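Read through the structure below, which is laid out as structure tokens, and then see the notes.
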Amino acid sequence: MQTKVFKPDQLVAAAAELAAGELVAFPTETVYGLGADATNETAVKKVFQAKGRPSDNPLIVHVADVATVKKYVADFPTTAEKLTQAFWPGSLTIILPLQPNAFSKTVTGGLNTAAFRNPRNQVTLDLIKQLGRPIVGPSANTSGKPSPTLAEHVLHDLAGKIAGVVDDGPTGVGLESTVIDLSTATPTILRPGAVTKEDIEAVIGSIDADHHKVKADEVPKAPGMKYKHYAPNAQVYMTAATDFKAAAAWAREQGEPFGLLATDQVLAEFSALAPAYRFSLGDSIVTASQHLFDGLRHYDQLPEVKLILAEEFPAQGLGVAYMNRLAKSAGQQRFTKSEH
Ligand code: TXA
Ligand code: MG
521 MQTKVFKPDQ
531 LVAAAAELAA
541 GELVAFPTET
551 VYGLGADATN
561 ETAVKKVFQA
571 KGRPSDNPLI
581 VHVADVATVK
591 KYVADFPTTA
601 EKLTQAFWPG
611 SLTIILPLQP
621 NAFSKTVTGG
631 LNTAAFRNPR
641 NQVTLDLIKQ
651 LGRPIVGPSA
661 NTSGKPSPTL
671 AEHVLHDLAG
681 KIAGVVDDGP
691 TGVGLESTVI
701 DLSTATPTIL
711 RPGAVTKEDI
721 EAVIGSIDAD
731 HHKVKADEVP
741 KAPGMKYKHY
751 APNAQVYMTA
761 ATDFKAAAAW
771 AREQGEPFGL
781 LATDQVLAEF
791 SALAPAYRFS
801 LGDSIVTASQ
811 HLFDGLRHYD
821 QLPEVKLILA
831 EEFPAQGLGV
841 AYMNRLAKSA
851 GQQRFTKSEH
């Protein structure tokens, strides 16, 4: 199959592919998603095939408005009312109980809930309106690889396997949306994102965050959280900005080429290193979040690189989501002066 690249003004053609049961990747403010008509089970099944995604991992349903969500759910609690008012369109995905048979099991993974998201990207909101139905959309990467923040990443993983991709340039946030479960007594964050716990608590009061409690032997509430994610071919080491000199000295002793993923301040100390081994995360937690996945993918193009030193940020605000993704890509490995 030839994968078409649609421009933002070619949404009629892109929606026609979706209506015909084909897959079209779409831009959002977080990462690119792999779209299929959420009401067409045959089409949704193709999403799992194209990504190589485990079939028990449910999909996010992307909608153009709150009214669409209300058509499918068994309950739309006050918390949902307040959160959608405050953060939609935007990077907050809400999980709600469904009416019986609202979506196929392929969408929900057999759960009686679904995750809903209203992305802050006008092109995709228009695409959903053009189709007239919600679209499912996991991140448009091969399962286990970093989520795509450019249409080029989507093509790298999925060219030949999907009908098309709508190219709207780089995504904004760069990390996947915050997922909050509103189907339980206490709202619980299952995956941290750009909408932070503090942002949410300012609107609905005290909530739980489950993501850092999930260990390998526990059953996580968001099925997707149990799989190893974002794993590049090289081993990533989380490294404090102040430890880069020591970490680089240690990496050099290992005798294999290594790469840096760090802010410009840190990279400035390593001007002797080849440019390909100095990937910039910009100058802040905002730019680091935008470029993290691109940086991990960059090193996958350099098979000689066996080790990546990636900069840590304080786990506060957006840093919670950034460190959650970085820790996963590193399999929790961290450079410490005493142990290395
Ligand atoms: O930013 C995003 O959320 C991107 C863009 C494309 O919208 N999408 C995305 O989808 O990251 P995905 O499939 O890669 O991640 C969805 C997460 C998974 O961890 C999945 O297990 C969880 O949400 N999830 C989906 N439906 C759920 C449900 N009913 N209950 C619990 N977790 C659910
Ligand atoms: Mg994903």
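Number 860 marks the last residue of the sequence shown (this note's numbering); no jumps. Yeah, the Cβ is synthetic: ideal placement off N, Cα and C, and Gly gets one too. Owing to the predicted nature of the structure, the values given are computational and were not obtained by experimental measurement.
Inter-residue spacing [alpha-carbon to alpha-carbon] between residue i and residue j
i: K735; j: G629; result: Below a pLDDT of 50, predicted positions are generally treated as unreliable, and K735, at 40, falls in that range; the measurement from the model is reported next regardless. For K735 and G629, the distance between alpha carbons rounds to 21 angstroms.
i: Q836; j: A540; result: 44 angstroms
i: V786; j: F855; result: 15 angstroms
i: R637; j: V674; result: 20 angstroms
i: Q522; j: V686; result: 14 angstroms
i: F526; j: A533; result: 8 angstroms
i: R845; j: Y750; result: 7 angstroms
i: R653; j: L838; result: 32 angstroms
i: T762; j: I805; result: 16 angstroms
i: P578; j: G572; result: 13 angstroms
i: A545; j: K566; result: 13 angstroms
i: K649; j: A584; result: 6 angstroms
i: T691; j: H811; result: 10 angstroms
i: H860; j: I724; result: 44 angstroms
i: A558; j: V627; result: 7 angstroms
i: I655; j: L678; result: 18 angstroms
i: A768; j: D814; result: 21 angstroms
i: D737; j: K848; result: Caution applies to D737, whose pLDDT of 42 falls short of 50 and renders its modelled position unreliable; the value that the coordinates give is listed next. Cα to Cα, D737 sits roughly 16 angstroms from K848.
heavy atom of the ligand TXA below 7 angstroms from residue i C-beta
i: T669; result: no
i: V806; result: no
i: H860; result: no
i: H582; result: yes
i: R637; result: yes
i: T613; result: yes
i: P666; result: no
i: L838; result: no
i: T633; result: yes
i: T628; result: yes
i: V756; result: no
i: V699; result: yes
beta-carbon residue i near the ligand MG non-hydrogen atom, thresh 7 angstroms
i: S659; result: yes
i: E789; result: no
i: E718; result: no
i: E861; result: Nothing about residue 861 can be read from this structure; the chain reaches only from 521 to 860.
i: E696; result: yes
Continuous beta strand (DSSP E) stretch holding residue i: start and end
i: E789; result: Taken as a continuous stretch (DSSP letters only), E789 belongs to no beta strand (DSSP E), as it is neither H nor E.
i: S804; result: From DSSP, S804 is part of no beta strand (DSSP E); its letter is neither H nor E.
i: T604; result: T604 -> not in any beta strand (DSSP E); alpha helix (DSSP H) instead, spanning 598–607.
i: I614; result: 612–617
i: G553; result: 553–557
i: T562; result: Element bounds for T562: not the beta strand (DSSP E) but the alpha helix (DSSP H), 561–571.
i: K524; result: 524–526
i: F833; result: No beta strand (DSSP E) contains F833, which DSSP labels as neither H nor E.
Bounding residues of the alpha helix (DSSP H) (the contiguous stretch that carries residue i)
i: V627; result: 625–628
i: I709; result: Premise fails: I709 lies in the beta strand (DSSP E), 708–711, not in any alpha helix (DSSP H).
i: Q650; result: 642–651
i: E586; result: The identity of residue 586 in the sequence shown is Val, whereas the question assumes Glu. Where V586 is concerned, the enclosing alpha helix (DSSP H) stretches over 586–592.
i: H673; result: 671–678
i: T698; result: Premise fails: T698 lies in the beta strand (DSSP E), 698–701, not in any alpha helix (DSSP H).
i: G684; result: No alpha helix (DSSP H) contains G684, which is instead part of the beta strand (DSSP E) from 684–686.
i: V840; result: 838–849
Of the listed residues the options, nearest to residue i (C-alpha basis)
i: S809; options: I615, T550, P528; result: T550
i: S575; options: S800, P658, K857, K681; result: P658
i: S697; options: I709, A705, W770, D688; result: I709
i: A570; options: Y819, G713, L554; result: L554
i: L543; options: L678, A683, A594, A535; result: A683
i: A850; options: V840, L801, A769, N753; result: N753
i: M843; options: L780, F799, A788, G713; result: G713
i: P617; options: S703, K848, T626, R817; result: S703
i: S858; options: A766, A671, L670; result: A766
i: F764; options: E776, A782, Q774; result: A782
i: F919; options: L793, A563, Q619; result: Because residue 919 is not part of the residues shown, which for the chain are 521 to 860, the question remains open.
i: A594; options: A622, A729, V825, L538; result: A622
8 angstroms Cβ shell around residue i - same chain, five flanking residues per side excluded
i: Q853; result: Q755, V756, Y757, M758
i: I700; result: L603, L612, T613, I614, I615, P707, T708, I709, L710, I720, I727
i: L531; result: V643, D646, L647, Q650, V686
i: V586; result: T604, W608, N638
Sequence-distant residues of its chain with Cβ nearer than 7 angstroms to residue i (five each side left out)
i: A771; result: F778, L827, L829
i: F607; result: V715
i: N641; result: P547, T548, E549, D688
i: G502; result: Here the chain has residues from 521 to 860 only, and residue 502 is not among them.
i: A535; result: L647, Q650, L651
i: N560; result: G541
Own chain, CB closer than 6 angstroms to residue i, minus 5 neighbours either side, in chain order
i: A660; result: A545, Y552, G553, L554, P668, V674
i: F833; result: I805, G839, Y842
i: P528; result: V643, D688
i: S663; result: K571, G572, R573
i: P666; result: Y750, F813, L816, R817
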